[in-house]
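Undergrad:
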Amino acid sequence: MIAALDINVQKVEKSKLKSLSLDNIPFGKFFTDHMLEADYEEGEWKNIEIKPYQPLLLDPSTAALHYGQSIFEGIKAYKDERGEAFIFRPYDNYRRFNLSAKRMQMPEVPEDVFIEGLRLLVELDKDWIPNKEDHSLYIRPFMFSNDPIIGVKPSEKYKFMILLSPTGPYYNKPMRIYVEEKYTRAAPGGIGFAKAAGNYGASMLATAEAKQKGYDQVLWTDAFEHKYVQEIGTMNVFFIIGDTAYTPSLEEGTILTGVTRESAITLLQEMGFKVEQRRISVDDLMDAHQAGALFEVFGTGTAATITLIKELRYKDYVMEFDTDKWQTAPELKKRLNDIRYSKTEDRHSWMFKV
Ligand code: COI
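Going by the working numbering, the letters in the sequence shown line up with residues 527 to 880, in that order.
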């Protein structure tokens with residue numbers, strides 16, 4: 527149980543919800559009535575407030591805008607049939623948030639500010655949780671350096687905030703993926719494992735070039751040889767080869783410790799698969815494909831949930847899949863959704879009641 531926390535709550539006079547339909551809502555475009563804001567100053571977190579969603583007033587010299595000391599998380603809340611709200615594995619995101627903070631030389635956010643803050647916020651804006659398959663309330667905690675100083679150094683002031691955004695599916699159809707060989711997402715010793723804003727900013731050129739070639743996203747490969755696979759776009763990646771599910775190992779620190787990735791590993795094992803976390807080369811994938819043993823490829827992520835990959839292209843070698851015939855990824859998605867929408871027993875205690 528979390529000790530009572532001093533959060534000042536200022537509610538909106540009139541909800542914006544009445545003017546919005548929560549059906550078929552695009553990802554990340556609409557925000558709920560309230561947001562959480564807290565300041566880190568003189569070594570402590572203060573001014574913890576839930577207040578009407580509104581713009582920020584920032585000094586043009588705000589350090590985060592210049593040097594990118596900025597991290598975030600993605601979490602989702604769901605409603606069960608009785609209208610009770612639940613948040614999926616928020617403590618896992620909380621721990622990862624502070625690992626990102628450490629890597630970016632930022633202060634940790636205390637558990638009660640993060641967890642109780644988001645619980646209170648979701649409770650207040652609970653009516654915004656969509657009641658539809660593949661829809662949810664996306665929770666976006668983030669933190670940025672807030673010193674109005676353009677010297678390159680860790681800031682003394684930071685802002686922690688949480689926004690809520692009702693959302694439909696991030697990707698709504700199977701994707702075509704280009705195996706990236708020129709650009710790099712992460713190298714050992716870098717920030718690939720952290721959910722740092724810059725990781726996403728640095729991915730956009732490669733994605734744009736893949737789109738020009740007719741692909742939806744890239745499959746990132748290692749920085750040295752562009753030979754070993756890392757992640758797909760904003761997702762972790764899984765390959766079903768024979769009776770084994772393979773996903774790149776976290777050991778080198780180049781891959782995000784996805785909460786959906788962890789959940790997928792657990793559920794795949796329950797479905798009877800062996801799961802191997804290891805180095806996977808593009809050559810391994812092509813060999814398996816040629817042998818007819820590369821059955822399924824899919825991405826996992828909070829925003830993306832489980833996204834099927836219908837084509838992987840490496841140089842001139844194209845691996846195409848008939849996703850309509852797949853069983854594993856759809857079954858995995860169903861099992862995950864049944865837990866999230868409280869249609870089955872939550873045996874792993876993943877759902878946090880608001
Ligand atoms: C998430 O799955 O929450 C992500 O981080 C993807 C996001 C950048 C859209």
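Note that CB positions come from ideal geometry on N, CA and C, so glycine has one too. Please read these numbers as outputs of a predicted model, since none were measured by experiment.
Distance, Cα to Cα, ALA529 vs ASP638?
TA: With a pLDDT of 46 at ALA529, under the threshold of 50, the modelled position of this residue cannot be trusted, and the question is left open.
Undergrad: By DSSP's criteria, MET877 is part of a beta bridge. Which residues make up the other side?
TA: Answer is PHE614, bridged to MET877.
Undergrad: Regarding THR828 and the ligand COI, is the C-beta to nearest heavy atom distance less than 7 Å?
TA: Yes, since a heavy atom of the ligand COI falls inside the 7 Å radius drawn around the Cβ of THR828.
Undergrad: How would you label VAL844, buried or exposed, when you count the other beta carbons within 10 angstroms and need 16 or more for buried?
TA: Answer is exposed; the Cβ neighbour count stays below 16.
Undergrad: Between which two residues does the alpha helix (DSSP H) harbouring MET730 extend?
TA: It spans 730 to 738 - the alpha helix (DSSP H) in which MET730 sits, taken as one unbroken run.
Undergrad: Contact defined as beta carbons within less than 8 Å: I believe GLN743 pairs with ILE703. What is the distance between those atoms, to the nearest angstrom?
TA: Correct: roughly 6 Å between the Cβ atoms.
Undergrad: Is there contact between the region 663 to 681 and the region 578 to 592, where contact requires at least three CB pairs shorter than 8 Å?
TA: A contact exists between the region 663 to 681 and the region 578 to 592.
Undergrad: So which of LYS753, THR733 and ILE613 has the shortest CA-CA distance to ARG866?
TA: Considering only alpha carbons, the answer is ILE613.
Undergrad: Hey, would you say the C-beta of THR783 is under 7 Å away from at least one heavy atom of the ligand COI?
TA: Incorrect: THR783 has no Cβ contact closer than 7 Å to the ligand COI.
Undergrad: Rounded to a whole number of angstroms, what is the C-alpha to C-alpha distance between SER662 and PRO692?
TA: Cα to Cα, the separation comes out at about 6 Å.
Undergrad: What residue from THR870, LYS628, ARG666 and ASP769 has the CA that sits closest to GLY643's CA?
TA: Cα-wise, what sits closest to GLY643 is ARG666.
Undergrad: So for GLN803, helix, strand or coil by DSSP?
TA: The answer is strand: DSSP assigns GLN803 an E or B state.
Undergrad: Beta-carbon separation of GLU599 and ASN619 under 8 Å?
TA: Against a cut-off of 8 Å, the Cβ pair of ASN619 and GLU599 comes out as a contact.
Undergrad: If we count the other Cβ atoms within 10 Å of its Cβ and call it buried at 16 or more, is MET730 buried or exposed?
TA: Label assigned to MET730: exposed.
Undergrad: Give the secondary structure of HIS560 by DSSP, where H, G and I count as helix, E and B as strand, and everything else as coil.
TA: Of the three classes helix, strand and coil, the one that applies to HIS560 here is strand, per DSSP.
Undergrad: Hey, would you say the C-beta of GLY727 is under 7 Å away from at least one heavy atom of the ligand COI?
TA: No, the ligand COI has no heavy atom inside 7 Å of this Cβ.
Undergrad: With 16 as the cutoff for other CB atoms within 10 Å, does ARG861 come out buried or exposed?
TA: It counts as buried.
Undergrad: Does the Cβ of GLY694 lie closer than 7 Å to at least one heavy atom of the ligand COI?
TA: No.
Undergrad: Pull the bridge partners of SER691 from the DSSP assignment, please.
TA: Paired residue(s): TYR664.
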